[in-house]
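Taking the working numbering, the leading residue of the sequence shown gets 4, the next gets one more, and so forth. Working notes for the structure below.
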Amino acid sequence: MHSSAVFLIEFGAIILGLGLLGRFAGRFQFSPIPLYLLAGLAFGEGGLLPLGTSEEFVAIGAEIGVILLLLMLGLEYTASDLVSNLKTQYPAGLVDAALNAVPGALMALLLGWGPVAAVVLAGVTWISSSGVIAKVLGDLGRLGNRETPVILSILVLEDLSMAVYLPIITALLAGAGIAAGSLTLAIALGVAGLVLVVAVRFGRHISRFVSSDDPEKLLLVVLGLTLLVAGVAQQLQVSAAVGAFLVGIALSGEVAEGAHGLLSPLRDLFAAVFFVFFGLHTDPASIPPVLLPALALAVVTAGTKIATGYWAAKRAGISAKGRWRAGGTLVARGEFSIVIAGLAVTSGIEPALGPLATAYVLILVILGPLTARYTEPLATLLTGRRNRGPSPEPSAAAGEPVRESVSETPHEVA
């Protein structure tokens with residue numbers, strides 16, 4: 004059979020399969036990310052039916068998927084939002100990094116993987132899944148809750164930290180020395196700072212230049228600009244993903260809203276291809292040996308994320324129930340953990356890192372929606388029993404409304 008025909012059959016089957024998996028996940032109201040990873044495992048090295056001619060195209064699609072993921076995140080925030088979050092919520096960001104990055108780094112060192120792998124695994128365990136969490140908040144009807152701005156602030160700080168973290172691991176994985184690595188980081192920080200300044204002062208002018216009433220022209224200009232900047236950033240050893248993120252920040256107002264609507268389907272398509280690509284490069288036989296460390300790491304970092312959300316919500320003056328909800332919502336890991344692990348896999352620093360990251364994300368992307376839903380009622384039940392003893396009083400007697408999620412004063416969601 005002609006190679007182009009084989010390619011069309013293989014790639015068409017992949018896209019059709021992803022669509023069916025997405026529909027299946029939607030029917031049962033959970034994230035399709037674990038299903039995409041499992042599909043990649045099934046068609047990758049050591050899987051049921053390894054791919055042939057379409058693998059190279061899938062690799063290119065996966066790279067575009069990472070770029071679009073970061074672009075769409077940038078479109079969610081304005082430069083002024085980021086500056087405001089840095090000023091008011093940076094203590095929560097520091098606590099988040101300390102509690103959730105350290106377990107990953109320690110696990111890598113305990114496994115004997117070395118300092119570079121420790122920095123990579125620290126990022127895998129640190130960054131929550133913005134996509135999964137946003138969907139969970141919408142599904143549970145919590146977008147108007149008082150704790151939701153706290154959750155979003157932590158996610159914003161994590162996203163912003165990627166602009167610093169990604170260049171660091173890019174330099175480390177490339178084997179750059181201290182001088183070269185420092186130069187790369189300096190360039191990345193300089194570019195990020197410059198983009199923020201330009202976006203704050205000249206964001207309206209940039210958006211006006213990009214703006215178009217024709218959706219086709221707007222899509223082409225934004226997508227072309229993003230890929231161009233991402234390519235230049237990668238050429239400078241900064242990170243294509245950081246370049247895309249900065250483009251998203253620079254756009255605001257109606258342009259950002261219009262681009263978000265136009266690019267969302269493309270983001271979903273290529274992000275799904277990215278997860279499949281990551282699974283393709285993970286041998287299913289390599290997962291069982293790292294399953295126990297992945298499970299231990301998932302349990303520990305689920306606890307540290309709950310503690311992070313609880314502390315941040317308490318600092319913001321949220322009630323006890325809202326604190327538990329904030330903590331439980333932050334547990335899910337997903338796209339960014341796989342992006343970070345994917346960089347390490349392509350560099351070949353530690354063969355077991357990819358399988359461990361896959362197992363870790365599979366566990367927490369399934370567990371995350373469950374902790375978001377049940378952490379608060381479970382904590383309320385346990386603390387209520389401990390406080391009231393053998394003769395419990397009705398919950399309303401304690402002065403708390405029975406359904407706090409709808410009775411709390413709703414705040415504007417950032």
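Don't be surprised by glycine CBs; every beta carbon is placed ideally from N, CA and C. Remember, it's a predicted structure, so these values are computed and weren't measured experimentally.
Nearest candidate by alpha-carbon position, reference residue i, set the options
i, options, result
"Ile-321", "Leu-231, Leu-385, Val-232, Arg-149", "Arg-149"
"Trp-116", "Leu-385, Leu-223, Gly-357", "Gly-357"
"Ala-299", "Leu-41, Ile-36, Leu-113, Val-61", "Leu-113"
"Ile-130", "Ile-171, Leu-21, Gly-107, Pro-118", "Gly-107"
"Asp-142", "Ala-375, Leu-175, Ala-120, Val-153", "Ala-375"
"Asp-216", "Val-258, Pro-118, Gly-227", "Val-258"
"Glu-161", "Gly-193, Gly-126, Leu-222", "Gly-126"
"Val-98", "Ser-87, Thr-386, Gly-330, Leu-221", "Gly-330"
"Met-110", "Thr-128, Gln-238, Pro-354", "Thr-128"
"Phe-277", "Thr-307, Phe-46, Gly-68", "Gly-68"
"Gly-77", "Gly-337, Gln-92, Gly-251, Leu-176", "Gly-251"
"Pro-268", "Ala-62, Ile-18, Val-302, Ser-6", "Ile-18"
"Gly-144", "Ser-87, Thr-332, Ala-297, Leu-89", "Thr-332"
"His-284", "Ala-347, Leu-73, Pro-152", "Ala-347"
"Ala-288", "Ala-120, Thr-361, Glu-13", "Thr-361"
"Val-302", "Phe-33, Ser-7, Asn-103", "Asn-103"
"Ile-290", "Thr-349, Tyr-363, Ile-63", "Tyr-363"
"Thr-307", "Val-159, Val-105, Pro-35", "Val-105"
"Ala-65", "Thr-349, Thr-383, Thr-91, Phe-33", "Thr-349"
Coil, strand or helix - residue i by DSSP
i, result
"Thr-349", "helix"
"Pro-35", "coil"
"Leu-24", "helix"
"Asn-103", "helix"
"Asp-216", "coil"
"Ser-322", "coil"
"Ile-314", "It should be pointed out that residue 314 corresponds to Trp in this sequence rather than to Ile. In this structure, Trp-314 counts as helix in the three-state DSSP scheme."
"Asp-1", "Here the chain has residues from 4 to 417 only, and residue 1 is not among them."
"Ile-290", "coil"
"Ser-340", "helix"
"Ala-16", "helix"
"Thr-285", "coil"
"Thr-412", "Here Thr-412 scores only 37 on pLDDT, less than 50, and its place in the model should not be relied on; the value that follows carries that caveat. It is coil, neither helix nor strand."
"Trp-129", "helix"
"Thr-81", "coil"
"Leu-254", "coil"
"Val-334", "coil"
"Arg-376", "helix"
Cβ neighbour criterion (16 or more within 10 Å) applied to residue i
i, result
"Arg-207", "exposed"
"Leu-71", "buried"
"Val-235", "exposed"
"Gly-15", "exposed"
"Ser-255", "buried"
"Val-279", "buried"
"Ala-274", "buried"
"Pro-292", "exposed"
"Arg-270", "buried"
"Phe-27", "exposed"
"Phe-248", "buried"
"Ser-132", "buried"
"Ile-139", "Strictly speaking, residue 139 in this sequence is Val, with Ile absent from that position. Counting Cβ neighbours within 10 Å, Val-139 comes out buried, since at least 16 surround it."
"Pro-170", "buried"
"Leu-305", "As written in the sequence, residue 305 is Ala, which differs from the Leu given in the question. Per the 10 Å Cβ criterion, buried."
"Lys-220", "exposed"
"Leu-385", "exposed"
"Gln-238", "exposed"
"Gly-261", "buried"
"Glu-2", "With the chain covering 4 to 417 only, the question about residue 2 has no answer from this structure."
"Glu-411", "Confidence at Glu-411 is low in this model, with a pLDDT of 40, below 50, so the placement of that residue should be treated as unreliable; the coordinate-derived value is given next. Buried: at least 16 other Cβ atoms inside 10 Å."
Contact belief for residue i with residue j at Cβ below 8 Å, rounded distance in angstroms
i, j, result
"Pro-37", "Leu-365", "5 Å"
"Trp-327", "Thr-378", "5 Å"
"Gly-282", "Gly-43", "2 Å"
"Leu-3", "Val-334", "Residue 3 falls outside the range modelled here, since the chain spans only 4 to 417, and no answer is possible."
"Val-167", "Leu-197", "Rounded, the Cβ-Cβ distance is 14 Å, inconsistent with contact."
"Tyr-39", "Leu-24", "7 Å"
"Val-153", "Gly-337", "That belief does not hold up - the Cβ atoms of Val-153 and Gly-337 are roughly 20 Å apart, past 8 Å."
"Ile-352", "Leu-124", "Not really, about 11 Å apart at Cβ, beyond 8 Å."
"Leu-266", "Leu-226", "7 Å"
"Ala-253", "Ala-243", "Their Cβ separation, rounded to whole angstroms, is 16 Å, which puts Ala-253 and Ala-243 out of contact at 8 Å."
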